[in-house]
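Participant:
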DNA sequence: TCACTTTCCAAACGATCGTTCGAATGCCCG
DNA sequence: CGGGCATTCGAACGATCGTTTGGAAAGTGA
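Protein chains in written order, with our numbering: chain A, 1 to 221; chain B, 1 to 221.
1. Residues of chain B with CB closer than 8 Å to the CB of residue 218 (chain A), please, in chain order.
2. Buried or exposed for residue 110 (chain A), going by 16 or more other Cβ atoms inside 10 Å?
3. From the beta carbon of residue 191 (chain B), is the nearest beta carbon of chain A less than 7 Å away?
4. Determine the direct distance from the alpha carbon of residue 220 (chain A) to that of residue 160 (chain A), and round the result to whole angstroms.
5. Note the first and the last residue of the continuous alpha helix (DSSP H) segment covering residue 152 (chain B).
6. What did DSSP end up calling residue 166 (chain A) once you bin it into helix, strand or coil?
7. Report all residues from its chain with a CB closer than 7 Å to the CB of residue 51 (chain B); omit the five preceding and five following residues, and keep chain order.
8. Report the rounded CA-to-CA distance for residue 42 (chain B) versus residue 67 (chain A), giving the unit in angstroms.
9. Which residues, in chain order, does the stretch 135–156 of chain B contribute to contact with chain A at a C-beta distance below 8 Å?
10. Count the other CB atoms within 10 Å of the CB of residue 198 (chain B); is the residue buried (16 or more) or exposed (fewer)?
11. Would the beta-carbon of residue 106 (chain B) fall within 7 Å of that of residue 131 (chain B)?
12. Rounded to whole angstroms, what's the CA-CA distance from residue 85 (chain B) to residue 213 (chain B)? Just pull it up for me.
13. Spell out whether any CB of chain B is found under 7 Å from the CB atom of residue 186 (chain A).
14. Applying the 10 Å Cβ sphere with the 16-neighbour rule, what's the burial state of residue 63 (chain B)?
15. When you compare each of B:155, B:177, B:194 to residue 186 (chain A) by their alpha carbons, which one comes out closest?
16. Would you list, in sequence order, the uninterrupted alpha helix (DSSP H) runs of no fewer than 4 residues that lie entirely inside the stretch 76–118 of chain A?
17. Could you give the first and the last residue of the continuous alpha helix (DSSP H) run that contains residue 205 (chain B)?
18. Less than 7 Å between CB atoms is the rule here; does residue 4 (chain A) satisfy it with respect to chain B?
19. Which bits of chain B does residue 76 (chain A) rub up against, with CB to CB less than 9 Å?
20. Is there at least one Cβ from chain A nearer than 7 Å to residue 195 (chain B)'s Cβ?
21. If you draw a straight line from the alpha carbon of residue 183 (chain B) to that of residue 149 (chain B), how long is it in whole angstroms?
22. Exposed or buried, which one is residue 192 (chain B) when buried takes at least 16 other CB atoms within 10 Å?
23. Under the rule that 16 or more other beta-carbon atoms within 10 Å means buried, what is residue 2 (chain A), buried or exposed?
24. So, for residue 172 (chain B): in the same chain, excluding its five sequence neighbours on each side, which residues have a beta-carbon less than 7 Å away from its beta-carbon?
25. Return yes when the Cβ of residue 115 (chain A) is within less than 7 Å of the Cβ of residue 125 (chain A), no when it is not.
26. Closer than 7 Å, Cβ to any Cβ of chain B: which residues of the stretch 111–135 of chain A, in chain order?
27. So, using beta-carbon positions, are residue 158 (chain A) and residue 169 (chain A) closer together than 7 Å?
28. Can residue 34 (chain B) and residue 143 (chain B) be called in contact, C-beta distance under 7 Å?
29. Taking only the alpha-carbon atoms, compute the straight-line gap between residue 47 (chain A) and residue 71 (chain A) and give it to the nearest angstrom.
30. State yes or no: is the beta carbon of residue 174 (chain A) nearer than 7 Å to at least one beta carbon in chain B?
31. Candidates A:31, A:216, A:21, A:22: which alpha carbon is nearest residue 121 (chain A)'s?
32. Is it true that the CB of residue 87 (chain B) sits closer than 7 Å to the CB of residue 162 (chain B)?
33. Figure out for me which residue from B:26, B:81, B:112 has the closest Cα to the Cα of residue 56 (chain B).
34. For a contact defined as C-beta to C-beta under 7 Å, what are the partners of residue 199 (chain A) on chain B?
35. Anything in chain B within Cβ reach of residue 210 (chain A), meaning under 7 Å, just list it in chain order.
36. Could you tell me the distance, in whole angstroms, from the CA atom of residue 113 (chain B) to the CA atom of residue 208 (chain B)?
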């Protein structure tokens, strides 16, 4: 028996008494999904990796899709909390009217920091990116319809840019989200191949600055 | 028997003698893949839709993955040709040194026009977007390594922005590609949900102008 | 201790998938 | 007409998948 091999980064056990199996499944599933993709990981792979019985996934989560959805729900909620906290701090710092750059930073910095190789959230971030494009109908429905976490950002941007029609703010926010969501391994690999490697030695802070410069200019032009 | 492997590497289907079955499979597969996703379409779905025998896919293409790769190869080559033509026209118009905006337009306009509901290439564009994120290892390898079609754009941008370090040009090109690749149905749906629908009545030309404004500002800031 | 619930387990089920095979069919050319 | 291919066809193979099942084991409370 090997209940867990890694300190189970987090994924809070919440109110459950004995959730060792559940936590092991969650951790193993997230890691395998992030590395190989949702469809290329079977329930057998997950349970073998977690050292639990094959039926555990269906017993604890109902189905494989429900497991994916559960991880996705937890991680996106966590990411949204990080972003909301940064936005709130920016709002507090600037008496309710933060500048565009700080609003965009609250949107960009959490996912970028999560993606950092030294960050324990790296796997979680990679999973979110995978699930966004490979997820089930339920996941895609959440992405399509749940925009509540973006509302405060849209409102803050409209407050910071009162002269700009709301329609423009929404479109530019859409473009910015496109920039953020493009930070996948394959895309970075392509960028490095295109630039003959000169883009490779760029750390998170430098990337964040570049993204902020680019998006801020797009908003303020 | 396996009589052929790849008889016409780069020739359009019109040059082959009897390619009715092959063409029917290609068309049906592209349409189904674009609508439902690569993994959610079986070889049986494709052959049933095309009105051909189940074994046709393996006989004419070798495997399902090879079929996906073939469609992807054809369509991306076509898209790259469209982009290269626009870039070449811009270069001709400006004596070898086109402005940033026209370079970006050559990159953005073809995929945006293809995505237009009135365009016959709409399905093809949707397929490309699907294959980019759901494709096999071969497809992903092509995306990661084949950057030849982007080189002329990077060079044109460096010529137009001689004061900017090449590293910056590459990064900003990466951001711009992220904006372009983000134009999926689900992302638009989310944008419209966030904006309460006020972004919905935006045609291709208006979207192109907005994207160009945003990216141009990001490059010129 | 005992009854009861929760969790775990090995095994199998049913379905779907990509692929292969051998025979039948169509087709071109001598 | 008839041999030589290329193609099509129905049928099946082998593998993998998510899920289910019935009973064993562990935990719980009195």
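The beta carbon of each residue, even a glycine, is placed where N, CA and C say it ideally should be.
Facilitator: Taking the structure as given:
1. In the first chain, the residue the question calls residue 218 (chain A) occupies position 218. Correct list: 213, 214, 215, 217, 218.
2. Here residue 110 (chain A) refers to the residue found at position 110 when the first chain is read from its first residue. Its Cβ being crowded by 16 or more others within 10 Å, residue 110 (chain A) is buried.
3. By 1-based counting over the second chain, the position of residue 191 (chain B) is 191. For residue 191 (chain B), the answer is yes, since a Cβ of chain A falls inside 7 Å of its Cβ.
4. Stepping through the first chain from its first residue, residue 160 (chain A) is reached at position 160. Stepping through the first chain from its first residue, residue 220 (chain A) is reached at position 220. Roughly 10 Å between the two C-alpha positions.
5. Mapped onto the second chain, residue 152 (chain B) falls at position 152. Looking at the DSSP string, the run of the alpha helix (DSSP H) that includes residue 152 (chain B) is 151–160.
6. Working through the first chain from its first residue, we reach residue 166 (chain A) at position 166. It is helical.
7. Counted from its first residue, the second chain places residue 51 (chain B) at position 51. Result list for residue 51 (chain B): 24, in chain order.
8. Counted from its first residue, the second chain places residue 42 (chain B) at position 42. Counted from its first residue, the first chain places residue 67 (chain A) at position 67. Their Cα atoms are separated by approximately 24 Å.
9. 140, 143, 144, 145, 147, 150, 151, 154
10. For the purposes of this step, residue 198 (chain B) is taken as residue 198 along the second chain, with counting starting at 1. Burial call: exposed.
11. Indexing the second chain from 1 puts residue 106 (chain B) at position 106. Indexing the second chain from 1 puts residue 131 (chain B) at position 131. Going by C-beta atoms, residue 106 (chain B) is not nearer than 7 Å to residue 131 (chain B).
12. Residue mapping note: residue 85 (chain B) aligns to position 85 of the second chain, counting from 1. Residue mapping note: residue 213 (chain B) aligns to position 213 of the second chain, counting from 1. Straight-line Cα distance between these residues: approximately 22 Å.
13. Along the first chain, read from residue 1 onward, the residue named residue 186 (chain A) stands at position 186. Closer than 7 Å to some Cβ of chain B, the Cβ of residue 186 (chain A) qualifies, so yes.
14. For the purposes of this step, residue 63 (chain B) is identified with residue 63 of the second chain, where counting begins at 1. Per the 10 Å Cβ criterion, exposed.
15. As a first step, residue 186 (chain A) must be located in the first chain, where it is residue number 186. Here the closest residue by C-alpha is B:177.
16. 100–115
17. Taking the second chain and counting its residues from 1, the one referred to as residue 205 (chain B) is at position 205. Its alpha helix (DSSP H) spans residues 204–220.
18. Here residue 4 (chain A) refers to the residue found at position 4 when the first chain is read from its first residue. For residue 4 (chain A), the predicted structure reports a pLDDT of 28, less than 50, and the residue's modelled location is therefore unreliable. The matter cannot be settled from this model.
19. The sequence position of residue 76 (chain A) within the first chain is 76, counting from 1. Going along chain B, no residue has its Cβ under 9 Å from residue 76 (chain A), so there is no contact; the nearest lies around 13 Å.
20. Numbered from 1 along the second chain, position 195 holds the residue referred to as residue 195 (chain B). Closer than 7 Å to some Cβ of chain A, the Cβ of residue 195 (chain B) qualifies, so yes.
21. Taking the second chain and counting its residues from 1, the one referred to as residue 183 (chain B) is at position 183. Taking the second chain and counting its residues from 1, the one referred to as residue 149 (chain B) is at position 149. In a straight line, the C-alpha of residue 183 (chain B) is about 20 Å away from that of residue 149 (chain B).
22. By 1-based counting over the second chain, the position of residue 192 (chain B) is 192. Counting Cβ neighbours within 10 Å, residue 192 (chain B) comes out buried, since at least 16 surround it.
23. Taking the first chain and counting its residues from 1, the one referred to as residue 2 (chain A) is at position 2. The predicted position of residue 2 (chain A) is uncertain, since its pLDDT is 30 and thus under 50; no value can be drawn from it.
24. What you label residue 172 (chain B) is simply residue 172 of the second chain in a count that begins at 1. Result list for residue 172 (chain B): 218, 219, in chain order.
25. Within the first chain, the letter at position 125 stands for residue 125 (chain A). Within the first chain, the letter at position 115 stands for residue 115 (chain A). The answer is yes: Cβ separation under 7 Å.
26. 133, 134
27. Residue numbering aside, residue 158 (chain A) sits at position 158 when the first chain is read from its first letter. Residue numbering aside, residue 169 (chain A) sits at position 169 when the first chain is read from its first letter. Remark: C-beta atoms of residue 158 (chain A) and residue 169 (chain A) approach each other more closely than 7 Å.
28. On the second chain, residue 34 (chain B) is found 34 positions in, with the first residue counted as 1. On the second chain, residue 143 (chain B) is found 143 positions in, with the first residue counted as 1. Their beta carbons are not under 7 Å apart, which means residue 34 (chain B) does not touch residue 143 (chain B) by this criterion.
29. Counting from 1 along the first chain, the entry for residue 47 (chain A) is found at position 47. Counting from 1 along the first chain, the entry for residue 71 (chain A) is found at position 71. Cα to Cα, residue 47 (chain A) sits roughly 15 Å from residue 71 (chain A).
30. The residue given as residue 174 (chain A) occupies position 174 in the first chain. Yes, its Cβ sits closer than 7 Å to a Cβ of chain B.
31. Taking the first residue of the first chain as position 1, residue 121 (chain A) is located at position 121. With distances taken between CA atoms, residue 121 (chain A) lies nearest to A:31 out of A:31, A:216, A:21, A:22.
32. Here residue 162 (chain B) refers to the residue found at position 162 of the second chain. Here residue 87 (chain B) refers to the residue found at position 87 of the second chain. Contact flag unset, no.
33. Along the second chain, read from residue 1 onward, the residue named residue 56 (chain B) stands at position 56. The candidate whose alpha carbon is nearest that of residue 56 (chain B) is B:26.
34. Numbered from 1 along the first chain, position 199 holds the residue referred to as residue 199 (chain A). Near residue 199 (chain A) (Cβ distances below 7 Å), the residues of chain B are 167, 170, 171.
35. Numbered from its first residue, the first chain carries residue 210 (chain A) at position 210. Neighbours of residue 210 (chain A) on chain B, chain order: 171.
36. For the purposes of this step, residue 113 (chain B) is taken as the residue at position 113 of the second chain. For the purposes of this step, residue 208 (chain B) is taken as the residue at position 208 of the second chain. Approximately 9 Å, taken between the alpha carbons.
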